[in-house]
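Written below as structure tokens is the structure these notes are about.
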Amino acid sequence: MSSEAIVQAQNIQDEVQQEMEQGEDTVYGDTADSRRIGFNRKQDINKNSGTDRPDAPMTVSKRSREYNMRHEFRGRTVIFKYSEFRYGGPPGRECAEHDTDITEEAFKILGFGVTVYSNLKKRDFIGALRQCAAKDHEECDALVIVFMSHGFDKNGKEYLNLYDDDIETSELWKEFTPDKCPGLAGKPKLFFIQACRGENTDKGVNLKARKGMSVMTDAMSAAADVQEDYAIPLHADMLMMWASYPGMFAFKSSNNGIGGSVFIHFLAKVLREDHQYDDLATMLLTVTREVAVQYESYCPGSDKLNHNKQIPYTVSTLMRKMFFKTK
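Just so you know, the sequence shown maps onto residues 1 to 327 in our numbering.
Below you can see the structure in the form of structure tokens.
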């Protein structure tokens, strides 16, 4: 090895050693200037030092396992209901009124104040979201958005139908990140979407019981509480739950006491019946299981739509358990 190469290698080794002493993480193969929190970093990682990170009030301690649900108010539930569309648009939704009624009832039982918007045009829909984000949420536990309409996928993206137009599904939660809505920072923001996600169907699989099968249960652990400033990602504390798996139909039914959208039926039922002893995650697992196991489509006039299964789909960045204890 030449003397020049030896010097260059020594310089690289010195730089790596310096980074290790400072506790700085590196991202190899990435041209971005990534500042990640290292385990050995000596300075306070939660200080705003030189960044443009916004501040927001802390509502729950850093290591708490439960969200703070002891504010003065439970919070707002906003329901966007679509039962009709402009001429030439998607077909009307006769189940919309029933779905709205049982959803409103369920969230009122949980202690939320409920606002219902019907058949909004795109401009008014965006305005309603921004108006909700601009409200004072400081004394609220959480926010819930429920959207009921048609939906579809196109070129790898998902869209929801409004009265006169469509929007990308992600528009539902863009206004509620902590930088835009600091009053909800560190608080759960829940989005429930009753809409098709495509035109595919799921015929399912039969599970056959075998001898010697056992049943297992899980136990919850107690919460810890430590007061310490800390930073969170902008997209933390959100949960999005769709009626169906990506690309799949979301069914409605008039059988077995459902009387509307299958997902909304079981969501409202479980929230009403289980909120006094189960946390949110457990209840949503129950919803997923009930839809998947209890429902099978009955459309004898269509081979494609008959005898299909449906399963809700959840994406969550919630960091804690969420209980709806009586205030």
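Think of the CB as a built atom: it goes at the ideal place given N, C-alpha and C, for glycine as much as any other residue. Everything numeric in this text was worked out from a predicted model, so none of it was measured.
To which residues of the same chain is residue i closer than 8 Å at the C-beta, ignoring the five residues directly before and after it?
i: N255; result: Y298
i: D179; result: P54 and L234
Determine the direct distance from the alpha carbon of residue j to that of residue i, and round the result to whole angstroms.
i: M238; j: D136; result: 18 Å
i: F138; j: G183; result: Looking at the sequence provided, one finds Glu at residue 138 rather than Phe. In a straight line, the C-alpha of E138 is about 5 Å away from that of G183.
i: A56; j: E175; result: 16 Å
i: Q203; j: L305; result: What sits at residue 203 in the sequence shown is Lys, not Gln. Looking at the two C-alpha atoms, the distance is approximately 9 Å.
i: L280; j: S316; result: 12 Å
i: Q131; j: V205; result: 45 Å
i: E168; j: M58; result: 31 Å
i: Y295; j: S83; result: 23 Å
i: G260; j: M69; result: 31 Å
i: P90; j: D164; result: 10 Å
i: N66; j: D278; result: A small fix is needed here, since residue 66 is Glu in this sequence, not Asn. C-alpha separation (whole angstroms): 13 Å.
i: K154; j: F85; result: 20 Å
i: I102; j: K269; result: 8 Å
i: A134; j: C181; result: 7 Å
i: T100; j: R272; result: 14 Å
i: G92; j: S64; result: 45 Å
i: I126; j: G151; result: 17 Å
i: F251; j: A243; result: 9 Å
i: P300; j: T177; result: 45 Å
i: L318; j: D303; result: 39 Å
i: K321; j: Q276; result: 14 Å
Reducing DSSP to helix, strand and coil, say where residue i ends up.
i: A231; result: coil
i: G183; result: helix
i: L99; result: Per the sequence presented here, residue 99 reads as Asp, with Leu not at that position. In the structure shown, D99 sits in a helix (DSSP, three-state: H, G or I).
i: M248; result: strand
i: T314; result: strand
i: F120; result: Note that residue 120 is Leu in the sequence shown, not Phe. Here L120 sits in coil by DSSP.
i: G38; result: The pLDDT assigned to G38 is 40, lower than 50, so where the model puts this residue is not dependable; a value taken from the coordinates is nonetheless given after this. Coil at G38, not helix or strand.
i: D153; result: strand
i: I126; result: helix
Going along the chain, which residues of its own chain have a beta-carbon closer than 6 Å to the beta-carbon of residue i, five neighbours each way excluded?
i: Y245; result: I311 and Y313
i: S118; result: K81
i: H265; result: I258
i: L207; result: none
i: L129; result: E175
i: A292; result: I311
If you compare alpha carbons, which of the options is closest to residue i?
i: A249; options: A106, A134, R70 and S149; result: Checking the displayed sequence, the identity of residue 249 turns out to be Phe instead of Ala. Per the Cα distances, S149.
i: L160; options: V293, L234, V205 and F192; result: F192
i: L190; options: D279, F152, A142 and P91; result: A142
i: R289; options: L305, L267 and G301; result: L267
i: K62; options: K187, Q131 and S316; result: K187
i: M241; options: G247, L234, G151 and F263; result: F263
i: A236; options: A185, N200 and S261; result: A185
i: G257; options: E72, P54, R93 and H98; result: H98
i: K327; options: L129, L162, H71 and Y277; result: H71
i: C140; options: R74, T177 and A195; result: R74
i: F147; options: D153, S170, A134 and K154; result: S170
i: L110; options: D166, G151, L207 and M283; result: M283
i: Q52; options: L234, V116 and R272; result: A small fix is needed here, since residue 52 is Asp in this sequence, not Gln. Among L234, V116 and R272, the Cα nearest to that of D52 is on L234.
i: Y347; options: T100, D124, L162 and S64; result: For the chain, the structure presents residues 1 to 327; residue 347 sits outside this window and is missing.
i: V116; options: I126, I145 and R123; result: I145
Take residue i and list the residues in its own chain whose beta-carbon comes closer than 7 Å to its own, dropping the five residues that flank it on each side.
i: V114; result: T77, I79, E104, F107 and K108
i: K157; result: E168
i: F323; result: E66, M69 and D279
i: D274; result: M283 and T286
i: G247; result: D153, R197, G198 and N200
i: D166; result: Y159 and L160
i: F112; result: R74, G75, R76, T77 and V144
Is it buried or exposed, residue i, if we count other Cβ atoms within 10 angstroms and call 16 or more buried?
i: K325; result: exposed
i: C95; result: buried
i: S253; result: buried
i: N308; result: buried
i: A195; result: buried
i: K121; result: exposed
i: L172; result: buried
i: V60; result: buried
i: R123; result: exposed
Does the beta carbon of residue i come closer than 8 Å to any beta carbon on chain D?
i: G301; result: Going by chain labels, chain D is absent from the structure shown, which holds only one protein chain.
Does any heavy atom of the ligand NAD sit closer than 7 Å to the C-beta of residue i?
i: Q131; result: For the ligand NAD, the structure offers nothing, since it holds no ligand at all.
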